[in-house]
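Residue numbering for the sequence shown is 86 to 431, as defined by the numbering used here.
Don't be surprised by glycine CBs; every beta carbon is placed ideally from N, CA and C.
Since this is a predicted model, take the numbers as computed values, not measurements.
Shown next, in structure tokens, is the structure this report addresses.
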Amino acid sequence: MKTGSVNMGRETQQFESELLSFWNRRDAHAICVHSCTAALLLAIQVCGIGTGDEVLVPTLTFVATFQAVKACGAVPVPCDVTDDGFINLSDAARRLTNRTKAIIPVLYAGCDSGISDVYWFAKVNNLAVIEDAAHCFGDETISSRDGIMCFSFDPIKNISCGDGGCILTSDSDIAKKLMDMRLLGVIGDTERRYSGQRSWDFDVTEQGWRLHMNDIAATIGRTQLARFPQIRERRQRSSRMYMETLSTISDIQLFPINTETAVPHIFPIIVKNGARDELRKFLMAANIETGVQYKPNHLLSYFNMGYDLPNAVRLYESMLSLPLHPLLSEDDVQYVIDAVFKFFTK
Ligand SMILES: Cc1ncc(COP(=O)(O)O)c(C=O)c1O
């Protein structure tokens with residue numbers, strides 16, 4: 086507040102620079118925006134995707150991924166998922182048409198085991214790849230990839246700006262376009278703002294949006310980034326405790342989260358034998374709040390295309406996200422684990 090700069094300026098520039106150092110990606114560009122939804126929208130648009138085009142999206146994702154496609158005038162085509170919650174490429178192949186222009190793999194719960202197949206599939210079918218990495222901040226194996234990656238810094242993500250997001254790309258032309266597009270398409274506005282100037286005489290040559298990150302959000306992001314080592318340690322510790330103990334319960338199936346490299350944002354489990362709702366009620370009675378992430382998008386009226394995606398629905402009906410955030414102590418996590426064990430041994 087004391088700098089007098091509350092809109093986009095030096096703090097945002099500094100945050101972008103610190104993110105690139107954190108990712109060890111000085112070869113690339115970080116473009117900070119208002120949210121991951123904004124990042125996805127801009128990334129889709131910068132790939133030249135618009136009205137009438139189709140984009141393959143796993144149905145098991147937050148509605149933001151679907152809305153970002155729709156906001157560009159394109160059609161999000163829901164695809165089924167594998168047991169890991171990853172886009173099922175056999176199903177995606179069935180949904181290809183001559184209007185398909187891109188695929189958005191969502192790295193659900195930080196799982197990216199099928200990602201090299203996605204790049205292969207995209208190459209063969211001439212599609213752009215935009216990675217929805219909203220769940221993945223802090224996983225270096227993901228940020229070292231050479232694609233277009235979209236991250237979220239919303240209130241519950243691994244780091245938060247209040248609301249915020251970032252696109253990571255190594256393509257300088259794409260980065261330059263994105264920098265203009267996030268500021269209403271005003272050519273060169275980012276560069277001028279970063280040198281403390283304003284744009285009075287400018288040109289606009291394409292659709293832009295007011296989706297940049299402001300300096301207040303960037304300042305919060307910088308503070309969070311400085312705290313990230315503790316955040317990482319806490320999230321990984323809690324996830325490891327869940328993994329090690331819950332893997333012994335035969336009625337639970339775990340997602341293949343690599344707790345060495347991933348910094349899990351959510352910890353979903355699959356509860357077998359139709360016991361999910363009963364377990365959820367049991368945990369709630371012990372003051373343990375859980376979630377269901379997510380309702381598949383093809384079940385929403387706006388995105389329903391009239392076909393079934395059975396595996397996503399099977400996961401949706403049996404999944405439960407256990408508490409996971411950096412303020413959980415070991416005792417808190419143990420309390421949750423004990424309650425889950427109690428449920429299955431009662
Ligand atoms: C998979 C996924 N994609 C996109 C988003 C949107 O992120 P944001 O809230 O930063 O717009 C979210 C947010 O929860 C998400 O989980």
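| query | Bridge partners of MET93, per DSSP? | reply | One-based indexing of the sequence shown puts residue 93 at position 8. DSSP lists no partner for MET93.
| query | In this structure, does DSSP put MET404 in helix, strand or coil? | reply | For this step, residue 404 is matched to residue 319 along the sequence shown. Judged by DSSP in its simplified three-state form, MET404 adopts strand.
| CA nearest to the CA of GLN292, picked from ALA302, ARG278, LEU269 | Position 207 of the sequence shown, counted from the first residue, corresponds to residue 292. Nearest Cα to GLN292 within the set ALA302, ARG278, LEU269: LEU269.
| field | Which of helix, strand or coil DSSP assigns to GLU139 | value | Locating residue 139 in the sequence shown gives position 54, counting from the first residue. If DSSP states are grouped into helix, strand and coil, GLU139 belongs with the strands.
| request: With DSSP as the reference, please indicate the residues paired to GLY250 in a beta bridge. | output: The residue labelled residue 250 in the question sits at position 165 within the sequence shown. BP columns for GLY250 point to VAL118, SER237.
| Just how far apart, CA to CA, sit GLU259 and ARG365? | Counting from one through the sequence shown, the residue named residue 259 turns up at place 174. Counting from one through the sequence shown, the residue named residue 365 turns up at place 280. For clarity, residue 259 is Ile in the given sequence; the question names Glu instead. Near 45 Å, if we compare the C-alpha coordinates of ARG365 and ILE259.
| field | Residues near ASN358 by beta carbon distance below 7 Å, same chain, minus five either side | value | By one-based count along the sequence shown, residue 358 stands at place 273. Closer than 7 Å at the Cβ level, and outside the excluded window around ASN358, lie ASP336.
| What alpha helix (DSSP H) runs, 4 residues minimum, are completely inside the segment 380-427? | 395-403
| field | Boundaries (first-last residue) of the beta strand (DSSP E) holding LYS87 | value | In the sequence shown, the residue the question calls residue 87 occupies position 2. Premise fails: LYS87 is in no beta strand (DSSP E) and is neither H nor E.
| Measuring from the CB of SER237, is there a heavy atom of ligand 1 at a distance below 6 Å? | Looking up residue 237 in the sequence shown gives position 152. Yes, ligand 1 has a heavy atom inside 6 Å of this Cβ.
| Between ALA115, GLN98, VAL162, ILE244, which lies nearest to LEU105 when the distance is taken from Cα to Cα? | Taking the first residue of the sequence shown as 1, we reach residue 105 at position 20. Of ALA115, GLN98, VAL162, ILE244, the residue nearest in Cα terms is ALA115.
| query | What are the residues that DSSP puts in a beta bridge with LEU339? | reply | For the purposes of this step, residue 339 is taken as residue 254 along the sequence shown, with counting starting at 1. ILE354.
| request: Just the C-alpha distance for THR191 and LEU368, rounded to the nearest angstrom, thanks. | output: Working through the sequence shown from its first residue, we reach residue 191 at position 106. Working through the sequence shown from its first residue, we reach residue 368 at position 283. Checking the displayed sequence, the identity of residue 191 turns out to be Val instead of Thr. VAL191 and LEU368 have their C-alpha atoms roughly 28 Å apart.
| said: Nearer than 6 Å: is that true of the beta carbon of ASP217 relative to any heavy atom of ligand 1? | reply: Counted from its first residue, the sequence shown places residue 217 at position 132. At least one heavy atom of ligand 1 is nearer than 6 Å to the Cβ of ASP217, so yes.
| CB-CB under 6 Å to VAL162, same chain, minus the five flanking residues each way: which ones, in chain order? | Mapped onto the sequence shown, residue 162 falls at position 77. A distance below 6 Å between beta-carbons, with the five flanking residues on each side excluded, links VAL162 to the following residues of its chain, in chain order: GLU139, LEU141, ARG180.
| message | For a test of your reading of the model: does the CB of GLY250 fall under 6 Å from any non-hydrogen atom of ligand 1? Yes or no. | response | Here the question's residue 250 lines up with position 165 in the sequence shown. Checking every heavy atom of ligand 1 against the Cβ of GLY250, one is found closer than 6 Å.
| query | Closer than 6 Å: is that where the CB of CYS164 sits relative to any heavy atom of ligand 1? | reply | One-based indexing of the sequence shown puts residue 164 at position 79. No, the beta carbon of CYS164 sits no closer than 6 Å to any heavy atom of ligand 1.
| message | How far does the alpha helix (DSSP H) with PRO314 in it extend, from its first residue to its last? | response | Taking the first residue of the sequence shown as 1, we reach residue 314 at position 229. Unbroken alpha helix (DSSP H) run through PRO314: 313-331.
| Given VAL254, which residues of its chain have a CB within under 7 Å of its CB, disregarding the five upstream and five downstream residues? | Within the sequence shown, the letter at position 169 stands for residue 254. In the sequence as presented, Val is not what sits at residue 254; that position holds Thr. Hits under 7 Å: ALA113, HIS114, ILE233, ALA260.
| field | Whole-angstrom distance between ASN210 and LEU409, CA atom to CA atom | value | What you label residue 409 is simply residue 324 of the sequence shown in a count that begins at 1. What you label residue 210 is simply residue 125 of the sequence shown in a count that begins at 1. Looking at the two C-alpha atoms, the distance is approximately 38 Å.
| message | Quick check: the Cα distance between VAL131 and TYR327, rounded to an integer number of angstroms? | response | The sequence position of residue 131 within the sequence shown is 46, counting from 1. The sequence position of residue 327 within the sequence shown is 242, counting from 1. The alpha-carbon of VAL131 is positioned some 40 Å away from that of TYR327.
| message | On the CB-based measure, 16 or more other CB atoms within 10 Å of its CB, does ALA178 come out buried or exposed? | response | Your numbering for residue 178 matches position 93 in the sequence shown. It is exposed - the Cβ of ALA178 has fewer than 16 other Cβ atoms within 10 Å.
| Residue of ARG111, THR97, SER280 minimising C-alpha distance to SER257 | Locating residue 257 in the sequence shown gives position 172, where the first residue counts as 1. Here the closest residue by C-alpha is ARG111.
| Beta-carbon contacts of ILE355 that lie in its chain and below 6 Å, excluding the five residues immediately before and after | For the purposes of this step, residue 355 is taken as the residue at position 270 of the sequence shown. GLN338, SER403, MET404.
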